[in-house]
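For reference, each letter of the sequence shown is one residue, going 1 to 260 in full-length UniProt numbering.
Idealized CB from N, CA, C, for every residue including glycine.
This one's a predicted model, so the numbers in the text were calculated from it and none came from an experiment.
Structure record follows, encoded as structure tokens.
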Amino acid sequence: DDDDDDDDDNSNTTAVVATDSDIEESSSNNSRIKQVNVSELYLFPIKSCAAQRASKWPLVLSSGGKLKHDQEFAIVDTSGTALRFQKCLNLGLVSPVIDLDAGTMTVSAPGCKDLVVRLLDDLYRGGENVVRVCGNTCAGRVWGDTVVSKWFASFLGIRCWLARCCSGDETLTSTSTSTAPEKGEHAAVVAGGSVLAARTTPFRPGFSNEQPILLVSENAVAALNEVLVDQQQPPCSAKRFRANIVIKDNSNNNNNNNNN
Numbered sequence: 001d002d003d004d005d006d007d008d009d010n011s012n013t014t015a016v017v018a019t020d021s022d023i024e025e026s027s028s029n030n031s032r033i034k035q036v037n038v039s040e041l042y043l044f045p046i047k048s049c050a051a052q053r054a055s056k057w058p059l060v061l062s063s064g065g066k067l068k069h070d071q072e073f074a075i076v077d078t079s080g081t082a083l084r085f086q087k088c089l090n091l092g093l094v095s096p097v098i099d100l101d102a103g104t105m106t107v108s109a110p111g112c113k114d115l116v117v118r119l120l121d122d123l124y125r126g127g128e129n130v131v132r133v134c135g136n137t138c139a140g141r142v143w144g145d146t147v148v149s150k151w152f153a154s155f156l157g158i159r160c161w162l163a164r165c166c167s168g169d170e171t172l173t174s175t176s177t178s179t180a181p182e183k184g185e186h187a188a189v190v191a192g193g194s195v196l197a198a199r200t201t202p203f204r205p206g207f208s209n210e211q212p213i214l215l216v217s218e219n220a221v222a223a224l225n226e227v228l229v230d231q232q233q234p235p236c237s238a239k240r241f242r243a244n245i246v247i248k249d250n251s252n253n254n255n256n257n258n259n260n
């Protein structure tokens, strides 16, 4: 794990998600097994900004199963309200990339020099404040020095600050469908890999609107596109839904293989 606090607190157990791995879902009576594949994996380090694509990424079970650092940051205005893409279109041009090994987030935008934000530096932490996200309030703190705030203000054309969610201190009490990880152990979610099912204590999923993780099916998107084409509307991609995990139903292929 990349957080010093996590190293000191062994109760913060993580799992990992990866692409190109299979997930098995069974019905209540276990009479039917459905297999899906994780085809794409995304995290959104800064709320309403561009996605970071990954082949595998840690899940923090103590935060309800959210991807590590997903929606952990937001850009807030002078009223303490998180800026949203619907009202600030340039947010979509801001591309943050988390480097877990280096403990940094590199932020890029057209016409701007890359901004490197340290994730582990206590000197970056400002006082705790209330941040409003979609009408809800949550604890956040200004993160970064004046260079950070000026970078965002210059590109977005509005006085603003980078805020970091303060809700990463939940204690893990999780179990899985197989063997629960011991304290201090790490697992992962990998695109194309298996996903650990877990039950956790109540959580606050960063600056996300409601749920800690969003999932969309390629099959559902394909069905939607059939309707859109019939209505002479342009098709959409799975990225349009800003989901963390994109899955593909492999049950038909598996059935064909079994029949052969």
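Bounding residues of the alpha helix (DSSP H) (the contiguous stretch that carries residue i)
| i | result |
| --- | --- |
| LYS150 | 146 to 156 |
| ASP230 | 218 to 230 |
Opposing strand residues paired with residue i [DSSP bridges]
| i | result |
| --- | --- |
| PRO96 | VAL107 |
| GLN52 | LEU43 |
| PRO235 | Looking at the DSSP assignment, PRO235 forms no beta bridge with any residue, so it has no partner. |
| LEU115 | VAL107 |
| LEU215 | ILE245 |
| LEU67 | LEU59 |
| ASN90 | Note: ASN90 sits in no beta bridge, so no partner. |
Rounded C-alpha distance that separates residue i from residue j
| i | j | result |
| --- | --- | --- |
| PHE241 | LEU214 | 9 Å |
| LYS150 | SER217 | 39 Å |
| THR78 | ASN37 | 43 Å |
| VAL147 | GLN231 | 49 Å |
| ALA222 | LEU89 | 27 Å |
| ASP145 | VAL76 | 15 Å |
| THR200 | GLY65 | For THR200, the pLDDT reaches just 31, beneath the cut-off of 50, and the residue's location in the model is therefore unreliable, leaving the point undetermined. |
Other residues of its chain near residue i: CB distance less than 7 Å, five sequence neighbours each side excluded
| i | result |
| --- | --- |
| SER108 | SER95, ASP114 |
| ARG164 | GLU72, PHE73, GLY140, ARG141, TRP143 |
| GLN52 | TYR42, LEU43, PRO45, PRO96, VAL97, ILE98 |
| SER246 | The sequence shown places Val at residue 246, rather than the Ser named in the question. SER39, GLU40, VAL216, GLU218, ALA238. |
Whole-Å CB distance - residue i paired with residue j, under 8 Å assumed
| i | j | result |
| --- | --- | --- |
| THR104 | LEU119 | 6 Å |
Residues of its chain near residue i, where Cβ-Cβ distance is below 6 Å and the 5 sequence neighbours each way are ignored
| i | result |
| --- | --- |
| ALA54 | LEU41 |
| ALA220 | none |
| PRO235 | ASN225, LEU228 |
| CYS112 | PHE155 |
| ALA153 | ARG159, CYS160 |
Where the beta strand (DSSP E) containing residue i begins and where it ends
| i | result |
| --- | --- |
| PRO249 | Checking the sequence, you will find Asp at residue 249 rather than Pro. It spans 245 to 249 - the beta strand (DSSP E) in which ASP249 sits, taken as one unbroken run. |
| LEU162 | 161 to 165 |
| ALA102 | Premise fails: ALA102 is in no beta strand (DSSP E) and is neither H nor E. |
| PHE73 | 73 to 76 |
Cut-off 8 Å between Cβ atoms - residues of its own chain near residue i, not counting five sequence neighbours on either side
| i | result |
| --- | --- |
| GLY92 | SER48, CYS49, ALA50, PHE85 |
| ALA243 | TYR42, LEU214, LEU215, VAL216 |
Near the ligand ADP: residue i beta-carbon under 8 Å from a heavy atom
| i | result |
| --- | --- |
| LYS56 | As far as ligands go, the structure on display features none, and thus does not contain the ligand ADP. |
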